[in-house]
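Protein chains: 6
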Amino acid sequence: MKENAVKTKLKNKQPVFGVLSNSPDPTIAEMCGVFGLDYYMIDSEHSPISPGQALDIVRACELGGITPLARIRSNDPKLILQFIDAGVMGIMMPGIKTAEDLQALVRAVKYPPAGDRGLGFVRMASYLQGPFDQKEYIEFANEQMLVLPQIETKEAVDNLDELLTVPGIDGFVVGPRDLALSLGYIEGPGHEDVKRTIARVVEKINQAGLVAGTTAASGDQAKALIDRGVLFCLNSIAGLLKTSITEFTKKRVI
Amino acid sequence: MKENAVKTKLKNKQPVFGVLSNSPDPTIAEMCGVFGLDYYMIDSEHSPISPGQALDIVRACELGGITPLARIRSNDPKLILQFIDAGVMGIMMPGIKTAEDLQALVRAVKYPPAGDRGLGFVRMASYLQGPFDQKEYIEFANEQMLVLPQIETKEAVDNLDELLTVPGIDGFVVGPRDLALSLGYIEGPGHEDVKRTIARVVEKINQAGLVAGTTAASGDQAKALIDRGVLFCLNSIAGLLKTSITEFTKKRVI
Amino acid sequence: MKENAVKTKLKNKQPVFGVLSNSPDPTIAEMCGVFGLDYYMIDSEHSPISPGQALDIVRACELGGITPLARIRSNDPKLILQFIDAGVMGIMMPGIKTAEDLQALVRAVKYPPAGDRGLGFVRMASYLQGPFDQKEYIEFANEQMLVLPQIETKEAVDNLDELLTVPGIDGFVVGPRDLALSLGYIEGPGHEDVKRTIARVVEKINQAGLVAGTTAASGDQAKALIDRGVLFCLNSIAGLLKTSITEFTKKRVI
Amino acid sequence: MKENAVKTKLKNKQPVFGVLSNSPDPTIAEMCGVFGLDYYMIDSEHSPISPGQALDIVRACELGGITPLARIRSNDPKLILQFIDAGVMGIMMPGIKTAEDLQALVRAVKYPPAGDRGLGFVRMASYLQGPFDQKEYIEFANEQMLVLPQIETKEAVDNLDELLTVPGIDGFVVGPRDLALSLGYIEGPGHEDVKRTIARVVEKINQAGLVAGTTAASGDQAKALIDRGVLFCLNSIAGLLKTSITEFTKKRVI
Amino acid sequence: MKENAVKTKLKNKQPVFGVLSNSPDPTIAEMCGVFGLDYYMIDSEHSPISPGQALDIVRACELGGITPLARIRSNDPKLILQFIDAGVMGIMMPGIKTAEDLQALVRAVKYPPAGDRGLGFVRMASYLQGPFDQKEYIEFANEQMLVLPQIETKEAVDNLDELLTVPGIDGFVVGPRDLALSLGYIEGPGHEDVKRTIARVVEKINQAGLVAGTTAASGDQAKALIDRGVLFCLNSIAGLLKTSITEFTKKRVI
Amino acid sequence: MKENAVKTKLKNKQPVFGVLSNSPDPTIAEMCGVFGLDYYMIDSEHSPISPGQALDIVRACELGGITPLARIRSNDPKLILQFIDAGVMGIMMPGIKTAEDLQALVRAVKYPPAGDRGLGFVRMASYLQGPFDQKEYIEFANEQMLVLPQIETKEAVDNLDELLTVPGIDGFVVGPRDLALSLGYIEGPGHEDVKRTIARVVEKINQAGLVAGTTAASGDQAKALIDRGVLFCLNSIAGLLKTSITEFTKKRVI
Ligand SMILES: [Mg+2]
Ligand SMILES: [Mg+2]
Ligand SMILES: [Mg+2]
Ligand SMILES: [Mg+2]
Ligand SMILES: [Mg+2]
Ligand SMILES: [Mg+2]
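As given, the protein sequences belong to chains H, A, X, W, G and S, one line each in that order. Per this note's numbering, residue 481 is the first one in the first sequence, and the count goes up by one each step. Per this note's numbering, residue 481 is the first one in the second sequence, and the count goes up by one each step. Per this note's numbering, residue 481 is the first one in the third sequence, and the count goes up by one each step. Per this note's numbering, residue 481 is the first one in the fourth sequence, and the count goes up by one each step. Per this note's numbering, residue 481 is the first one in the fifth sequence, and the count goes up by one each step. Per this note's numbering, residue 481 is the first one in the sixth sequence, and the count goes up by one each step.
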């Protein structure tokens, strides 16, 4: 296991740029690293990427110089385990509502005594053949993993003060579309009330000394977010393709 | 089998925009269609996409409204067959050097009497359950398939006049990097001699009433090519990702 | 997202014919559509078809003109999400026993305000690039999805009156073999008591104005069921192959 | 390696019933065995089933009690090798025209001294751990493999007398659709001239003491063929599904 | 479904040797059988092998003469179902702590009346086409399945007396590494206190007339364990490769 | 592209130890590297590993610190291309008989001017984004690739003197089993005549200053070979598993 470069940048208050990916193809991940993204967020909530596919994606990320992360469909400790044993270096968890949810998430991601993660003879642990002994590996792994719950429901916003106090969390990623739905705005996240809520959430996260993240569909959007205190900027494969295909085919429009 | 929208556009002298893809993931193909590309060129020469993977990609293309094509590693009629039986609507063939090569290519792509393609009870033929009877299907398929040999060697350039006369060819796609190597320019296709050669090849193709195509890494490059008579503009997945990742991460540079 | 043709037929009291499939091969699904079935029920309970495989099957169904549905192993909202985000247009849920089970199922399948389904930038939503805006898509999706719990335990039969009142359910599919086991008949569903129970369940479902479905291994069985008020007729891949292989090899027996 | 039950039946002049399959799903193969087919012909000509997929299909065949065979896209000895090393017990080869083609096919399928097949430490050879020593295994394998070239061109019909004399061939499978095309009948194999040609070919094959095979879409067609001297009856997955789906949905038509 | 040879050996107090595998490749499983292991434990806890992959592995095990078992990530009855319907003949369950956990596990593995397992028309049941009728199959399956919970937490050790009394359990497999962590020994299972605890656990299991199992990285370790009453000896793919690669490359060291 | 550590060792006359693998599972490759093998020879002759699977295996090799090589089924330049574009750092080619075969092999593996390999925008070339410009990459790649034809026929032995003079070859790997068959020894490679022939071949290879390689099933066999001038020692996955399973189960025998 190597140092988590994204975690290090975030500690240094540097923005990080990544993509939420619905593609199981490792080559896409490797290219995203070669062309300069910081992290590759395997989507295993709204996309059906399995832990077995994640294993091949993680290898491509390690070679492409991009940090592999995963969004996992539910707060199931053993489903989380299969992704982190494969080498995913952080978890984005949707649907978090309470401090108990968060504590369960932290316990799933960390080895004892910080959590309940089981230890296998796995690649993430270099089959215990690497430079580390078991104790060093466990402490290093517990330190390097990123834990990033999502704020995407009214309940989570209401409980935010308490959520911010749970130990072991690196930050929170706001999901604008589901948050808007949860606040009753079916048309999408464009309503002023949604924007104000998100701004307040980001502010509180920052005041707690944690990382704020959210979605950005372009460099300009990312810039605006960074100016407002967001460090974790999340595009999508669809967003990247839309940007460049629009550029590539512009001659057609003229 | 449906009408080949790319072939129709090319007949109408409209430029078409597509991507040479090294990804076996059907979802990438479907998104490329949703976001506006005209064709998806499965690379089965420099990328190891198999005919079986092509089948799933073709389905995604049909649903995404993008024409599936394939570049195939060699002029092997039965390897070509597996791609076109899966539903690929045209073939880009590398390494063509002689009129004999071209005639063999046409024979592989077309059913009798125009060629030697065998007829199976396959999805491309709608298991012979569709609106067409066998004769109608055969004639329609022979008409709709695109045949696009590559010009990428000195020999092909030398033989161009003869190549242009082979019946059943829709056009030629110039491969600048390999053509430069073949002409002795190991540094890449930037040398003036290479550019002049390519310009002359494009001109001759157009004079013969055929479609000229080549690679373009951006909308500006595509525009410049179209202005010089190129109708078939070919980007790559790497090119698309590089464009948009550079845009997305621009804040980092500042 | 397109109209759910099976839902429309059922609203018009027309019988629908489909297959519970244990095959992950999309081509089998496409052929089932070409040859005239109404729906393809991906079995992800007794067969291990994953959501990622379902994605390719769904595409094949859309092209083959057959409605993709899925039976999912458990009432886990995020596992259901991965299938419906892939494009499955309805869920058959085994093991339902109480109204609470049913309400949870409906919440998993429907977007707010009818349920809790999260909204991603996914293919089912055409990456929000289609003819619909978000509000229209959400309302249309909530309307088109089929929700079909199974009745296969004594508890479900005992609770049937209450189950029939839960909003958002389209009908119920009886599972004769497990129901027989639950009623104590280990030899199979052939006992008169099982048959009487099933007849009563179908009658009650129909009286409640809902769709009744169950398994049928042949056209004759389907006919008999339809005569008794069943509209949703469910064969299996094994059943289809057994029928036709028996027919094909009949010369051997003589 | 076990005895080839299909070869044994054919030696005893018993008809065998099988399916040309375009599905890579091993479960379909296993079910075809359970429900009574004699052989499962993996189509790797008009369908893109790879040798790696064949390996899993072969295992399913061995467990389902059905003999695995393969049609391979071209007479390439090393492509053939990958299928037979996986455990396929016979090869159907399309496009055979001359005695030289046939001799090359036999050399590819048989170990020295009968042919040129290379010997690896592979599963077909039980990793040389089975009851056989190397010599016994080689002799047994050479004996058990089925070699079944296709007759599907005018050239093959013209050369039939010579083809029938090549040692190491078990029989010939007539491909009616391609043969019709080759004879100039684009509408399909229904023309009297095609039928007469096929009848003559079957007669000659039988006179040479070899097995004649061809396609049959139903038990009635198979019966008619068997009555005319055909022993190797070949349906398709599409044919099987069409038969049973038509039967299953018959109530709809009424 | 065939007799479970491992269960039979264990009943006869014979030691069994197997491997916990993190490889989804069926060929590895088949070779492990050919070279003499008794069982192949598919790891679906610390490795991401899916039920769909298990299906192909199970077939390879059946042909290689090795009993397929699976460790499953959590005590989810429907996840267990997908593995046992594929043909896995026993379950090793991690993280068991209470008698309630164990009872739930037994109910998931056994058909009524012993448990709640649902009955499908699946390969494990030979599509109900085999020599058994449904009642015989159910009774045979309930009898042949192995149920092997893991003891790997302090809680499980504390509750051992009660765990030993739950009906339907064949034995317990001690997980030394996680047990050490749970007991507070982060350096690994080498501490005397851990060894003493394991020894006591094994003794109690044997006194209850059940099978004791644990991990062994070599034949010498297995021998030592067998001498202390362990019958179920579990190596890993990593362990096997390390042993033989060390042997194979020994010349390098000299 | 990185330095080829195996080529460097061979230049320094150090023995290298590797495995001919019939497994498509990347994890097996990664573990072989972690436990100390020098190279991983993907078998795509007697095993059906595809170029697409090779891509994932290559990534695992790069991370496991083991050099990825491939044996390819035939001397087809474009099939070779797909493996080397994926990142395989050398080719072992079976069935080589003449100097022309060898020259074709070298041309397939090397870029111009040394050969005819085409240049794509591929991962092996780091998408031309790495530290190298195109010219540097081409020269480095041509230098680092290993070219290892097999000697496994009487013809190759007869032509050896000429084969040894073809430029661009690193060495030759003797295939004892096929060589024995070709020399007329059907029982296997144990005959004295075969041994003498192999010894003579190894001697000649060494005299020509090239690397000699062959198969070895254990460390003792490897040692004996190294003492006789063999540097390239090739075991198999089957060989490794047999060694360690025999060791692990030794208690059973007693
Ligand atoms: Mg554990
Ligand atoms: Mg044919
Ligand atoms: Mg969300
Ligand atoms: Mg050989
Ligand atoms: Mg059921
Ligand atoms: Mg090229």
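We treat Cβ as the ideally placed atom computed from N, Cα and C, and that holds for glycine.
Would the C-beta of G:Glu580 count as close to ligand 1, meaning under 8 Å from any of its heavy atoms?
The sequence position of residue 580 of chain G within the fifth sequence is 100, counting from 1. Result no, Cβ not under 8 Å from ligand 1.
**Report entry** Below-9 Å beta-carbon distance, X:Asn732 vs any chain W residue
**Finding:** Translated into positions along the third sequence, residue 732 of chain X becomes position 252. In the sequence under discussion, the amino acid at residue 732 of chain X is Arg, which differs from the Asn named in the question. Closer than 9 Å to some Cβ of chain W, the Cβ of X:Arg732 qualifies, so yes.
Would you mind telling me which residues of chain B sit closer than 8 Å to G:Ala540, beta carbon to beta carbon, in chain order?
-> The chain labelled as chain B is not found among the protein chains of the depicted structure, namely H, A, X, W, G and S.
- Please report how far the alpha carbon of S:Thr488 lies from the alpha carbon of H:Gly598, in whole angstroms. Taking the sixth sequence and counting its residues from 1, one reaches residue 488 of chain S at position 8. Taking the first sequence and counting its residues from 1, one reaches residue 598 of chain H at position 118. Roughly 41 Å separates the two Cα atoms.
### Message
Please report the straight-line C-alpha distance between S:Glu770 and W:Val589, rounded to a whole angstrom.
### Response
Past the edges of chain S, shown from 481 to 734, lies residue 770 of chain S, and the structure says nothing about it.
Inspect the CB distances between the stretch 712 to 721 of chain S and the stretch 499 to 518 of chain G and report whether three or more fall short of 8 Å.
yes
**Report entry** Unbroken beta strand (DSSP E) run spanning W:Ile571, endpoints
**Finding:** Here residue 571 of chain W is taken as the residue at index 91 of the fourth sequence, counted from 1. Per DSSP, W:Ile571 belongs to the beta strand (DSSP E) from 570 to 573.
From W:Glu727 to X:Ala696, what distance separates their C-alpha atoms?
Taking the first residue of the fourth sequence as position 1, residue 727 of chain W is located at position 247. Taking the first residue of the third sequence as position 1, residue 696 of chain X is located at position 216. The alpha-carbon atoms of W:Glu727 and X:Ala696 are separated by roughly 12 Å.
### Task
Could you list which residues in chain G have their beta carbon closer than 7 Å to that of S:Phe497, in chain order?
Numbered from its first residue, the sixth sequence carries residue 497 of chain S at position 17. Residues of chain G passing the Cβ test: Phe728, Thr729, Arg732.
Go through the stretch 675 to 731 of chain S residue by residue and report every complete run of the beta strand (DSSP E) that reaches 3 residues or more, in order. 691 to 695, 712 to 716
**Report entry** Cβ-Cβ separation, S:Leu535 to S:Leu626 (assumed contact under 8 Å), whole Å
**Finding:** Taking the first residue of the sixth sequence as position 1, residue 626 of chain S is located at position 146. Taking the first residue of the sixth sequence as position 1, residue 535 of chain S is located at position 55. 19 Å between Cβ atoms; not a contact.
For ligand 3, enumerate in chain order all residues having a CB closer than 6 Å to any of its heavy atoms.
H:Pro574, H:Glu632, H:Gly655, H:Asp658, X:Gly598
message = Rounding to the nearest angstrom, what Cα-Cα distance links W:Ile537 and W:Pro504 in this structure?
response = Taking the fourth sequence and counting its residues from 1, the one referred to as residue 537 of chain W is at position 57. Taking the fourth sequence and counting its residues from 1, the one referred to as residue 504 of chain W is at position 24. Each residue's Cα considered, the two are about 7 Å apart.
For H:Lys675, does the count of other Cβ atoms within 10 angstroms reach 16, so buried, or fall short, so exposed?
Start at 1 with the first residue of the first sequence, and residue 675 of chain H comes out as number 195. H:Lys675 should be labelled exposed.
Checklist entry - Any chance the CB of X:Glu525 is under 8 Å from a heavy atom of ligand 5? => result For the purposes of this step, residue 525 of chain X is taken as residue 45 along the third sequence, with counting starting at 1. X:Glu525: yes, Cβ under 8 Å from ligand 5.
By Cβ distance, which residues of its chain are closer than 8 Å to W:Leu705, with the 5 residues on each side in sequence left out? Here residue 705 of chain W refers to the residue found at position 225 of the fourth sequence. Closer than 8 Å at Cβ, skipping near neighbours: Thr694, Ala696, Cys713.
Q.
For a quick check, are the C-beta atoms of X:Ser527 and X:Asn555 less than 9 Å apart?
A. On the third sequence, residue 527 of chain X is found 47 positions in, with the first residue counted as 1. On the third sequence, residue 555 of chain X is found 75 positions in, with the first residue counted as 1. No, Cβ-Cβ distance for X:Ser527 and X:Asn555 is not below 9 Å.
### Message
Do X:Val681 and X:Leu640 have their beta-carbon atoms positioned less than 9 Å apart in this structure?
### Response
Here residue 640 of chain X refers to the residue found at position 160 of the third sequence. Here residue 681 of chain X refers to the residue found at position 201 of the third sequence. Yes.
Exercise. Which one of G:Met481, G:Gly648, G:Tyr665, G:Val637 has the shortest CA to CA distance from G:Val654?
Worked result: For the purposes of this step, residue 654 of chain G is taken as the residue at position 174 of the fifth sequence. The shortest C-alpha separation from G:Val654 is found at G:Val637.
Can you find the residues in the same chain that come closer than 7 Å, C-beta to C-beta, to A:Val602, ignoring five residues on each side of it along the sequence? One-based indexing of the second sequence puts residue 602 of chain A at position 122. These residues qualify, in order along the chain: Asp565.
Practice problem: State yes or no: is the C-beta of W:Ala679 within less than 9 Å of the C-beta of W:Arg708? | Solution: As a first step, residue 679 of chain W must be located in the fourth sequence, where it is residue number 199. As a first step, residue 708 of chain W must be located in the fourth sequence, where it is residue number 228. Yes; because the gap between Cβ atoms is below 9 Å, this pair is in contact.
- prompt: Closer than 9 Å, CB to CB, is W:Ser606 near chain A or not?
  reply: Reading the fourth sequence from its first residue, position 126 is the one you call residue 606 of chain W. It does not: the Cβ of W:Ser606 has no partner Cβ on chain A nearer than 9 Å.
### Residue of H:Gly545, H:Val499, H:Gly651 minimising C-alpha distance to A:Thr729
Taking the first residue of the second sequence as position 1, residue 729 of chain A is located at position 249. The option with the nearest alpha carbon to A:Thr729 is H:Val499.
Review point. Roughly how many angstroms lie between the CA atoms of S:Thr663 and H:Gln614, to the nearest whole one?
Key: For the purposes of this step, residue 663 of chain S is taken as the residue at position 183 of the sixth sequence. For the purposes of this step, residue 614 of chain H is taken as the residue at position 134 of the first sequence. With the sequence shown as reference, residue 663 of chain S is identified as Leu, and Thr is not the correct amino acid for it. About 54 Å.
Exercise. Return helix, strand or coil for G:Leu585, following the three-state DSSP convention.
Key: Along the fifth sequence, read from residue 1 onward, the residue named residue 585 of chain G stands at position 105. Helix.
- Could you please give me the residues that DSSP links to A:Tyr520 through a beta bridge? For the purposes of this step, residue 520 of chain A is identified with residue 40 of the second sequence, where counting begins at 1. For A:Tyr520, which the question treats as bridged, DSSP gives the partners A:Val499, A:Pro548.
Return the first residue and the last residue of the alpha helix (DSSP H) that X:Phe620 is part of. As a first step, residue 620 of chain X must be located in the third sequence, where it is residue number 140. Its alpha helix (DSSP H) spans residues 614 to 624.
A:Phe652 beta carbon less than 9 Å from that of A:Leu659:
Within the second sequence, the letter at position 179 stands for residue 659 of chain A. Within the second sequence, the letter at position 172 stands for residue 652 of chain A. Not in contact: A:Leu659 and A:Phe652 (Cβ atoms no closer than 9 Å).
Which residue marks the beginning of the beta strand (DSSP E) containing G:Gly651, and which one marks its end?
Taking the fifth sequence and counting its residues from 1, the one referred to as residue 651 of chain G is at position 171. That run of the beta strand (DSSP E) goes 651 to 654.
Q. So, does the CB of G:Pro611 fall closer than 9 Å to a CB anywhere in chain X?
A. One-based indexing of the fifth sequence puts residue 611 of chain G at position 131. No, G:Pro611 does not count as interfacial toward chain X.
Member of W:Glu483, W:Met481, W:Val514, W:Tyr520 whose CA lies at the smallest distance from the CA of W:Val496:
Along the fourth sequence, read from residue 1 onward, the residue named residue 496 of chain W stands at position 16. Closest option to W:Val496, Cα to Cα, is W:Tyr520.
If the criterion is Cβ atoms closer than 9 Å, does the pair S:Lys482 and S:Glu542 meet it? Counting from 1 along the sixth sequence, the entry for residue 482 of chain S is found at position 2. Counting from 1 along the sixth sequence, the entry for residue 542 of chain S is found at position 62. Their beta carbons are under 9 Å apart, which means S:Lys482 touches S:Glu542 by this criterion.
Legend entry - Collapsed DSSP secondary structure at X:Gln533 in the structure displayed: Taking the third sequence and counting its residues from 1, one reaches residue 533 of chain X at position 53. The answer is helix: DSSP assigns X:Gln533 an H, G or I state.
| task | Tell me, please, whether the CB atom of G:Gln583 is closer than 9 Å to any CB atom in chain X? | result | Residue 583 of chain G sits at position 103 when you count from the first residue of the fifth sequence. False, the Cβ-Cβ gap to chain X never drops below 9 Å.
Practice task
Compare the C-beta of W:Ala718 with all C-beta atoms of chain A and state if any pair is closer than 9 Å.
Solution key: As a position in the fourth sequence, residue 718 of chain W is number 238, starting the count at 1. By this cut-off, W:Ala718 is an interface position.
Residues of the stretch 511 to 535 of chain G in Cβ contact with chain W at a cutoff of 8 Å, in chain order, please. Met511, Val514, Phe515, Leu535
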